[in-house]
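K.L.:
Chains as they are written, first to last, in our numbering: chain A, 31 to 304; chain B, 31 to 304.
One structure, as structure tokens, below. Some questions next.
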DNA sequence: TCTCTCGTGTGGTCGGACCACAACGTGGTG
DNA sequence: CACCACGTTGTGGTCCGACCACACGAGAGA
């Protein structure tokens, strides 16, 4: 028997209760609304509580959907929708099958979640491109400084390899962009700050389409890419030298140059004049 | 800087690669798997495509779930799970009823989404507190500088009001923290960068529990809170004066002071095995 | 001992039914 | 004509039960 309860306190809102709406009696006392939460949100809260309390850690297995539904006294549908939400946040992951690798696990997959989040909100113009670029500048300047101090040898080797890729002549603009993205993300990773790295990657992913569009409009591509590459090499030199200040300064200049060289990115940031 | 190396323990479950060895006969040559996507993911892609192409903008109404299911030739369940995912990202919002305000709309609600994302991944130790604090320092330094240049009069009034709240004697530590959070987020908002502001708010939300825990362990609370408040007033003065550099410097010092004053935040990040 | 097969448990998908809710049309009533 | 009560309608919310695809693992068979 010995079943560890996953959660007791899911107090379902009984749907068929109308008793508080009496006939026109006094209703103006301080009866604040009760924040009606839907079923799947209650399930999310239950799972989230387990995570926040530390009862569920990365790698742990959740009960089967059917069992969870039975324990929480909700339908399997509600449980599945809750799992979808946490899965969308990169916190859960489901695998079909039986035995070892099957079931729903606590995972650590923030990358795809953050990328989709930022990509969509940038596309909806909720986060203006100008603001995203400002954030990018801040993050990568910080990452460069950290990387100059902390970067390991193999991280520097990775960066060197990426520069060699971009040094190949005749590289397509898309391939250049992808390698360039990897280069910048690798620097962020080398800095050792996981949040910097994830944010940097997500920002680049959210700007991929606009950047590629801007690339196609660059007239003297050979010249621009050569200058970008030259700046990359300088940045890498500063990282090798462990010069944090110089690495940050070069990165700052590099990103500003890139933005100014790409039409449509930094052109119309916000419609004011001050 | 005592920095934990952060092995970044991602126990990612890789998709099992089964090299298809046919039961009999030769193995298939280059028949790479087709990236099996589940139904709800296909629906997500369909909706996301509309958003990315600009066909769906904030405020637009989606077709009813039943109609969408019929058009996409999937079950209503799949559509609903997809809507849940986009809703979790703050991109969609569903309202019951009929007519005007009913249905599923494209929304712009990144706040709750980013807060839950960060809160969960911080709780799972996927993003170490140290890294989050480092990001906070970077963002708020930048926000302060921007706010010094761009802040409107009413934004400064809001900040003044929050400082008056915190100046009240006998304020509970929780109330102080909430007002303090509002103060810092308001500065970020005054800077005019939406992403800065959202990130700042999400970071504060993700650290709320650890901060409150640390607050209870502060011995000389009156002294610490008085110093924090004094720094707040100095920052606000710099903002009023429009001195970006000074505002950034003061904010930097303020946050470092706060972290060093609170036990358990910057001191012992969680040293495990290695 | 090894190999094959089939049972079993997992998430994935589906269709249908019913509920709660909010707007709107309709009709009655002043 | 103006107003109001009420039923209609269409929306998302919830639940159920069934079946599928999949992968492990125990047991039968060689």
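We put the CB at the ideal spot given by N, CA and C, even for glycine.
Predicted, not measured: the structure shown is a model, and the values here were computed from it.
DSSP on residue 248 of chain A, reduced to helix/strand/coil?
P.N.:
The residue given as residue 248 of chain A occupies position 218 in the first chain. If DSSP states are grouped into helix, strand and coil, residue 248 of chain A belongs with coil.
K.L.:
At 7 Å on the CB atoms, spell out the chain B contacts of residue 234 of chain A, in chain order.
P.N.:
Start at 1 with the first residue of the first chain, and residue 234 of chain A comes out as number 204. Neighbours of residue 234 of chain A on chain B: none; closest Cβ ~14 Å, over 7 Å.
K.L.:
Along the region 223 to 249 of chain B, what residues have a CB closer than 7 Å to any CB found in chain A?
P.N.:
Here the close residues are 223, 224, 225 and 226.
K.L.:
Would you say the region 208 to 225 of chain B touches the region 157 to 166 of chain A, given that touching needs at least three Cβ pairs under 8 Å?
P.N.:
As far as the Cβ criterion goes, the region 208 to 225 of chain B touches the region 157 to 166 of chain A, which means the pair count is three or higher.
K.L.:
By DSSP, does residue 53 of chain A sit in helix, in strand, or in coil?
P.N.:
Translated into the one-based positions of the first chain, residue 53 of chain A becomes position 23. Low confidence applies here, because residue 53 of chain A scores a pLDDT of 34, under 50, leaving its location unreliable; read the following figure in that light. If DSSP states are grouped into helix, strand and coil, residue 53 of chain A belongs with coil.
K.L.:
Assuming residue 170 of chain B contacts residue 281 of chain B under a Cβ cut-off of 8 Å, what Cβ separation, rounded to an integer in Å, is found between them?
P.N.:
Locating residue 170 of chain B in the second chain gives position 140, where the first residue counts as 1. Locating residue 281 of chain B in the second chain gives position 251, where the first residue counts as 1. Going by Cβ atoms, the distance from residue 170 of chain B to residue 281 of chain B rounds to 5 Å, so yes, they are a contact pair.
K.L.:
For residue 133 of chain B, name the three-state secondary structure that DSSP assigns.
P.N.:
For this step, residue 133 of chain B is matched to residue 103 along the second chain. Three-state result, residue 133 of chain B: strand.
K.L.:
Count the other C-beta atoms from every protein chain shown that fall within 10 angstroms of the C-beta of residue 283 of chain A, then say buried if there are 16 or more, exposed otherwise.
P.N.:
Walking along the first chain from the start, residue 283 of chain A turns up at place 253. Exposed: under 16 other Cβ atoms inside 10 Å.
K.L.:
Rounded C-beta distance between residue 179 of chain B and residue 118 of chain B? I'm assuming under 8 Å.
P.N.:
The residue labelled residue 179 of chain B in the question sits at position 149 within the second chain. The residue labelled residue 118 of chain B in the question sits at position 88 within the second chain. With 8 Å as the limit, residue 179 of chain B and residue 118 of chain B do not qualify as a contact, their Cβ atoms being about 35 Å apart.
K.L.:
In the DSSP output, which residue or residues are listed as bridge partners for residue 125 of chain B?
P.N.:
Along the second chain, read from residue 1 onward, the residue named residue 125 of chain B stands at position 95. According to DSSP, which records beta bridges pairwise, residue 125 of chain B is partnered with B:133.
K.L.:
Hey, which unbroken runs of the beta strand (DSSP E) at 3 residues or more fall wholly within the region 133 to 170 of chain B?
P.N.:
If we require 3 residues or more, the beta strand (DSSP E) runs fully inside the region 133 to 170 of chain B come out as 133 to 136.
K.L.:
Measuring only between beta-carbons, confirm whether residue 134 of chain B sits less than 8 Å from chain A.
P.N.:
Position 104 of the second chain holds residue 134 of chain B. Closer than 8 Å: no.
K.L.:
First and last residue of the alpha helix (DSSP H) that includes residue 181 of chain A?
P.N.:
As a first step, residue 181 of chain A is located in the first chain; it is residue number 151 there, counting from the start. Segment: none, residue 181 of chain A is in no alpha helix (DSSP H) and carries neither H nor E.
K.L.:
Would residue 51 of chain B be called buried (16 or more neighbouring beta carbons within 10 Å of its own) or exposed?
P.N.:
In the second chain, residue 51 of chain B corresponds to position 21, counting from 1. For residue 51 of chain B, the predicted model reports a pLDDT of 34, less than 50, meaning its position is unreliable; a value from the coordinates is still stated below. The residue in question, residue 51 of chain B, is exposed, as its Cβ has fewer than 16 Cβ neighbours within 10 Å.
K.L.:
Compute the distance between the beta-carbons of residue 177 of chain A and residue 277 of chain A, then report whether it is under 8 Å.
P.N.:
Position 147 of the first chain, counted from the first residue, corresponds to residue 177 of chain A. Position 247 of the first chain, counted from the first residue, corresponds to residue 277 of chain A. Yes, the pair counts as a contact, with Cβ atoms nearer than the cut-off.
K.L.:
Answer with buried or exposed for residue 246 of chain A, where buried requires no fewer than 16 other C-beta atoms within 10 angstroms of its C-beta.
P.N.:
Numbered from 1 along the first chain, position 216 holds the residue referred to as residue 246 of chain A. Residue 246 of chain A comes out exposed.
K.L.:
Give me the chain A residues within the contact set of residue 70 of chain B, using Cβ-Cβ distance strictly less than 8 Å, ordered along the chain.
P.N.:
Here residue 70 of chain B refers to the residue found at position 40 of the second chain. Those are 114, listed as they occur along chain A.
K.L.:
Using a C-beta to C-beta distance shorter than 9 Å, which residues of chain A count as neighbours of residue 271 of chain B?
P.N.:
The residue given as residue 271 of chain B occupies position 241 in the second chain. In chain order: nothing, as chain A lies at least about 17 Å away.
K.L.:
Would you decide whether residue 290 of chain B is buried or exposed? Buried here means 16 or more other CB atoms lie within 10 Å of its CB.
P.N.:
The residue labelled residue 290 of chain B in the question sits at position 260 within the second chain. Counting Cβ neighbours within 10 Å, residue 290 of chain B comes out exposed, since fewer than 16 surround it.
K.L.:
Would you mind stating whether residue 141 of chain A and residue 221 of chain A have Cβ atoms separated by less than 8 Å?
P.N.:
In the first chain, the residue the question calls residue 141 of chain A occupies position 111. In the first chain, the residue the question calls residue 221 of chain A occupies position 191. No, these two residues do not count as a Cβ contact at 8 Å.
K.L.:
Taking C-beta to C-beta, are residue 143 of chain B and residue 120 of chain B nearer than 8 Å?
P.N.:
Here residue 143 of chain B refers to the residue found at position 113 when the second chain is read from its first residue. Here residue 120 of chain B refers to the residue found at position 90 when the second chain is read from its first residue. It is a contact, given that the beta carbons lie within the stated cut-off.
K.L.:
Measuring alpha carbon to alpha carbon, tell me which residue in A:81, A:156, A:197 and A:95 is nearest residue 1 of chain A.
P.N.:
Absent from the model: residue 1 of chain A. The displayed extent of chain A is 31 to 304, so no value can be given.
K.L.:
The alpha helix (DSSP H) with residue 231 of chain A in it runs from where to where?
P.N.:
Within the first chain, numbered from 1, the residue matching residue 231 of chain A stands at position 201. Here the alpha helix (DSSP H) through residue 231 of chain A covers 224 to 236.
K.L.:
Which residues in the same chain have their Cβ closer than 7 Å to the Cβ of residue 87 of chain B, if we skip the five residues on either side of it in sequence?
P.N.:
For the purposes of this step, residue 87 of chain B is identified with residue 57 of the second chain, where counting begins at 1. For residue 87 of chain B, where only same-chain residues beyond five positions count, the Cβ hits under 7 Å are 136.
K.L.:
Are residue 185 of chain A and residue 216 of chain A close, meaning C-beta to C-beta below 8 Å?
P.N.:
The residue given as residue 185 of chain A occupies position 155 in the first chain. The residue given as residue 216 of chain A occupies position 186 in the first chain. Taking 8 Å as the Cβ cut-off, residue 185 of chain A and residue 216 of chain A qualify as a contacting pair.
K.L.:
Provide the residue(s) that pair with residue 91 of chain A in DSSP beta bridges, ordered along the chain.
P.N.:
Numbered from its first residue, the first chain carries residue 91 of chain A at position 61. Paired residue(s): A:135.
K.L.:
Counting along the chain, where does the alpha helix (DSSP H) carrying residue 105 of chain A start and finish?
P.N.:
Position 75 of the first chain, counted from the start, is the residue given in the question as residue 105 of chain A. Premise fails: residue 105 of chain A is in no alpha helix (DSSP H) and is neither H nor E.
K.L.:
Which word fits residue 272 of chain A, buried or exposed, when buried means at least 16 other C-beta atoms lie within 10 angstroms of its C-beta?
P.N.:
As a first step, residue 272 of chain A must be located in the first chain, where it is residue number 242. With fewer than 16 other Cβ atoms within 10 Å, it is exposed.
K.L.:
For residue 111 of chain B, I'd like the list of residues in its chain whose CB is within less than 7 Å of its CB, leaving aside the five on either flank, ordered along the chain.
P.N.:
Along the second chain, read from residue 1 onward, the residue named residue 111 of chain B stands at position 81. Result list for residue 111 of chain B: 70, in chain order.
K.L.:
Would a C-beta distance cut-off of 8 Å place residue 102 of chain A and residue 138 of chain A closer than the cut-off?
P.N.:
Within the first chain, residue 102 of chain A is the residue found at index 72, counting from 1. Within the first chain, residue 138 of chain A is the residue found at index 108, counting from 1. Taking 8 Å as the Cβ cut-off, residue 102 of chain A and residue 138 of chain A do not qualify as a contacting pair.
K.L.:
Identify which residue in B:149, B:98, B:155 and B:72 has its Cα closest to the Cα of residue 134 of chain B.
P.N.:
In the second chain, the residue the question calls residue 134 of chain B occupies position 104. When only C-alpha atoms are compared, the closest one is B:98.
K.L.:
Can you pull out the residues from the region 156 to 171 of chain A whose beta carbon lies closer than 9 Å to at least one beta carbon of chain B?
P.N.:
Those residues of the region 156 to 171 of chain A that come within reach of chain B (Cβ to Cβ, closer than 9 Å) are 156, 157, 158, 160, 161, 162, 164, 165, 167, 168, 169 and 171.
K.L.:
Determine, using beta carbons only, whether residue 78 of chain A and residue 150 of chain B come nearer to each other than 8 Å.
P.N.:
Position 48 of the first chain, counted from the start, is the residue given in the question as residue 78 of chain A. Position 120 of the second chain, counted from the start, is the residue given in the question as residue 150 of chain B. Against a cut-off of 8 Å, the Cβ pair of residue 150 of chain B and residue 78 of chain A comes out as a contact.
K.L.:
Roughly how many whole angstroms lie between the Cα atoms of residue 72 of chain B and residue 287 of chain A?
P.N.:
One-based indexing of the second chain puts residue 72 of chain B at position 42. One-based indexing of the first chain puts residue 287 of chain A at position 257. Approximately 39 Å, taken between the alpha carbons.
K.L.:
Residues of chain A with CB closer than 7 Å to the CB of residue 150 of chain B, please, in chain order.
P.N.:
For this step, residue 150 of chain B is matched to residue 120 along the second chain. Per Cβ cutoff of 7 Å: 78, 81, 119 and 121.
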